[in-house]
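Those letters in the sequence shown? Residues 823 to 1123, by the numbering used here.
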Amino acid sequence: MYDAAVVGGGPAGLAAALYLARFHLSVFLADAGNSRAALIPKTHNQPFWPEGISGIDLLDRMRSHLIKYPIDIVRSEVAEIRRGQAGFELAAGGRQVICRAIVLATGAVDRRPRMSESDHSAALHSGLLRYCAICDGYEATDRAIAVVGMGDRLYGEAKFLRSYTSTVTALSETGLVGLSSEQHSELAAIGVEVIDKPVIGYRRLDRSLEVLFLDRGRTFESLYAALGSVVQSRLAAALGAKMSEEGCLLVDEHQRTSVRGLYAAGDVVIGVDQISHAIGQAGVAATALRNDLCGATSLLR
Ligand SMILES: Cc1cc2nc3c(=O)[nH]c(=O)nc-3n(C[C@H](O)[C@H](O)[C@H](O)COP(=O)(O)OP(=O)(O)OC[C@H]3O[C@@H](n4cnc5c(N)ncnc54)[C@H](O)[C@@H]3O)c2cc1C
823 MYDAAVVGGG
833 PAGLAAALYL
843 ARFHLSVFLA
853 DAGNSRAALI
863 PKTHNQPFWP
873 EGISGIDLLD
883 RMRSHLIKYP
893 IDIVRSEVAE
903 IRRGQAGFEL
913 AAGGRQVICR
923 AIVLATGAVD
933 RRPRMSESDH
943 SAALHSGLLR
953 YCAICDGYEA
963 TDRAIAVVGM
973 GDRLYGEAKF
983 LRSYTSTVTA
993 LSETGLVGLS
1003 SEQHSELAAI
1013 GVEVIDKPVI
1023 GYRRLDRSLE
1033 VLFLDRGRTF
1043 ESLYAALGSV
1053 VQSRLAAALG
1063 AKMSEEGCLL
1073 VDEHQRTSVR
1083 GLYAAGDVVI
1093 GVDQISHAIG
1103 QAGVAATALR
1113 NDLCGATSLL
1123 R
């Protein structure tokens, strides 16, 4: 029996576990080990790392902080959470866990452009492929960039990135850009080129990425993927938690979901997908969980 279980060990889950343990609560953490943060070649917008830091190094730093506390950590996916008499029950790493409350920090998984795993990894790590304009639009300043996506997402990302560089091209892998005539006009007015031909492939060059169309190729210094993501909210959905159309969990101002005892933080929650935000939400979720539990159990020492 634990006071709290944390599901997910990215920045949100690790921060939640740290706060909970420092409240002298007993904590179990299960993590499947596929944090989005591990894909970051080097972040320059994480306050306050002036030299930047890779996502893998940042996660290592976070985990090295956790091992100072008595937190039970297992590397395992949680397949199901059930409501139990004392709160919740879940299975992870061959263990049956009972806990009073849960912080869900399972994140989201980006939809990828159609590239092989090895091309994807190489393009990502060299900055030729990017996923987060808020995170690294600054690094694309005055560069020739393209955005791949469709509809409102393509429109929004291309417009956002136009404030970093004058050379923005919007394209869709299927050739169907899905823009309204107003969106077409607005993008044209700010100098965003729209290509409505299907992409037949990508080729990595020395310092650029070539996007291949049937009749030609176009090279860009970076390609932004605006293809959306699959929010990992399945466990909460099965418990009946309320969520947005995209599957993001809806929470109150203390990160409580609509299911009593279930809190959420990070990319699984509706909001800005940023490490700083995920950590902030985790601190709020853990504090609310602690205060809510305190009503039921004494934390006096
Ligand atoms: C290429 C790239 C660059 C980025 N750059 C930046 C940047 O520079 N600055 C910035 O602030 N943000 C950046 N981000 C966004 C940032 O990575 C995310 O906002 C952040 O990782 C969200 O943290 P999280 O803990 O909510 O989710 P995640 O980091 O994705 O962690 C979720 C964890 O939960 C686990 N999990 C999921 N389901 C289960 C389950 N059922 N059971 C157990 N475990 C489960 C996953 O395996 C994963 O380990 C970037 C993202 C990408 C993809």
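Note that CB positions come from ideal geometry on N, CA and C, so glycine has one too.
Near ligand 1: residue i beta-carbon under 7 Å from a heavy atom
{"i": "Thr-928", "result": "yes"}
{"i": "Ala-1108", "result": "no"}
{"i": "Tyr-986", "result": "no"}
{"i": "Pro-892", "result": "no"}
{"i": "Ile-1097", "result": "yes"}
{"i": "Gly-832", "result": "yes"}
{"i": "Gln-918", "result": "no"}
{"i": "Asp-932", "result": "yes"}
{"i": "Arg-885", "result": "no"}
{"i": "Glu-899", "result": "yes"}
{"i": "Gly-1105", "result": "no"}
{"i": "Leu-946", "result": "yes"}
{"i": "Val-829", "result": "yes"}
{"i": "Leu-1057", "result": "yes"}
{"i": "Asp-1018", "result": "no"}
{"i": "Gln-1077", "result": "no"}
{"i": "Cys-921", "result": "no"}
{"i": "Thr-865", "result": "yes"}
{"i": "Asp-882", "result": "no"}
{"i": "Ala-1060", "result": "no"}
{"i": "Asp-879", "result": "no"}
{"i": "Tyr-841", "result": "no"}
{"i": "Ala-913", "result": "no"}
{"i": "Gln-1054", "result": "yes"}
{"i": "Asp-941", "result": "no"}
The alpha helix (DSSP H) enclosing residue i, as first and last residue numbers
{"i": "Cys-957", "result": "955-958"}
{"i": "Tyr-891", "result": "First-last for Tyr-891: undefined, no H or E at that position."}
{"i": "Ser-940", "result": "939-947"}
{"i": "Gly-1088", "result": "No alpha helix (DSSP H) contains Gly-1088, which DSSP labels as neither H nor E."}
{"i": "Gln-1005", "result": "1003-1011"}
{"i": "Val-1059", "result": "The sequence shown places Ala at residue 1059, not Val. Here the alpha helix (DSSP H) through Ala-1059 covers 1056-1060."}
Pick from the options that is closest to residue i, judged by C-alpha positions
{"i": "Ala-914", "options": "Gly-971, Ala-908 and Gly-855", "result": "Gly-855"}
{"i": "Arg-904", "options": "Leu-1072, Arg-1082 and Glu-939", "result": "Arg-1082"}
{"i": "Arg-965", "options": "Ser-1030, Ala-944 and Asp-1018", "result": "Ser-1030"}
{"i": "Lys-864", "options": "Tyr-960, Leu-1121, Gln-1077 and Glu-911", "result": "Tyr-960"}
{"i": "Leu-912", "options": "Val-990, Val-828 and Pro-1020", "result": "Val-828"}
{"i": "Gly-1013", "options": "Ala-1047, Phe-870, Ala-968 and Gln-1054", "result": "Ala-968"}
{"i": "Asp-1028", "options": "Thr-1041, Ala-930, Arg-883 and Ala-962", "result": "Thr-1041"}
{"i": "Ala-837", "options": "Ala-1110, Leu-1115 and Gly-1105", "result": "Gly-1105"}
{"i": "Arg-1123", "options": "Val-1033, Leu-847 and Trp-871", "result": "Leu-847"}
{"i": "Ser-1080", "options": "Gly-1088, Ser-1066 and Asp-1089", "result": "Ser-1066"}
{"i": "Val-970", "options": "Ala-1058, Arg-897, Ala-1087 and Gly-1000", "result": "Gly-1000"}
{"i": "Leu-809", "options": "Ala-908, Arg-984 and Ile-924", "result": "This structure does not reach residue 809, given that the chain is present from 823 up to 1123, and the question cannot be answered."}
{"i": "Asp-825", "options": "Ile-920, Ser-1003 and Ala-1100", "result": "Ile-920"}
{"i": "Thr-991", "options": "Ser-1003, Lys-1019, Leu-1036 and Ser-1002", "result": "Lys-1019"}
{"i": "Tyr-1024", "options": "Val-1016, Ile-1017 and Leu-1034", "result": "Leu-1034"}
{"i": "Ser-994", "options": "Thr-987, Glu-1004, Ser-988 and Tyr-977", "result": "Tyr-977"}
Residue i classed as buried or exposed, judged by whether at least 16 other C-beta atoms fall within 10 angstroms
{"i": "Thr-928", "result": "buried"}
{"i": "Glu-979", "result": "buried"}
{"i": "Arg-922", "result": "buried"}
{"i": "Met-823", "result": "exposed"}
{"i": "Cys-1070", "result": "buried"}
{"i": "Val-1052", "result": "exposed"}
{"i": "Ala-859", "result": "buried"}
{"i": "Gln-918", "result": "exposed"}
{"i": "Gly-1062", "result": "exposed"}
{"i": "Ile-889", "result": "exposed"}
{"i": "Arg-1112", "result": "buried"}
{"i": "Leu-1121", "result": "exposed"}
{"i": "Pro-833", "result": "buried"}
{"i": "Asp-1089", "result": "buried"}
{"i": "Gln-1103", "result": "buried"}
{"i": "Gly-831", "result": "buried"}
{"i": "Ile-1101", "result": "buried"}
Extent of the continuous beta strand (DSSP E) run through residue i
{"i": "Ser-845", "result": "Here residue 845 is Phe; the residue named in the question, Ser, does not match the sequence. Premise fails: Phe-845 is in no beta strand (DSSP E) and is neither H nor E."}
{"i": "Phe-982", "result": "Unbroken run through Phe-982 is the alpha helix (DSSP H), 973-983; no beta strand (DSSP E)."}
{"i": "Val-925", "result": "917-926"}
{"i": "Glu-995", "result": "Element bounds for Glu-995: n/a, residue is neither H nor E."}
{"i": "Asp-932", "result": "930-932"}
{"i": "Leu-912", "result": "910-914"}
{"i": "Asp-1074", "result": "Per DSSP, Asp-1074 belongs to no beta strand (DSSP E) and is neither H nor E."}
{"i": "Leu-1034", "result": "1031-1034"}
{"i": "Tyr-986", "result": "Element bounds for Tyr-986: n/a, residue is neither H nor E."}
{"i": "Gly-1050", "result": "From DSSP, Gly-1050 is part of no beta strand (DSSP E); its letter is neither H nor E."}
Contact test: residue i Cβ vs ligand 2 heavy atom, cutoff 7 Å
{"i": "Leu-1049", "result": "The model on display carries ligand 1 but not ligand 2."}
- Query: Does the segment 835-851 touch the segment 883-895, meaning 3 or more C-beta pairs lie closer than 8 Å?
  - Reply: Of all C-beta pairs linking the segment 883-895 to the segment 835-851, three or more are shorter than 8 Å, placing the two stretches in contact.
- With a cut-off of 8 Å, do at least 3 Cβ pairs link the segment 1084-1095 to the segment 934-944? Because the criterion of three Cβ pairs below 8 Å is not met, the segment 1084-1095 and the segment 934-944 do not touch.
- Message: Closer than 8 Å is the cut-off here; do at least three beta carbon pairs connect the segment 867-875 with the segment 939-949?
- Response: The segment 867-875, when compared against the segment 939-949, does not touch it at the 8 Å Cβ threshold.
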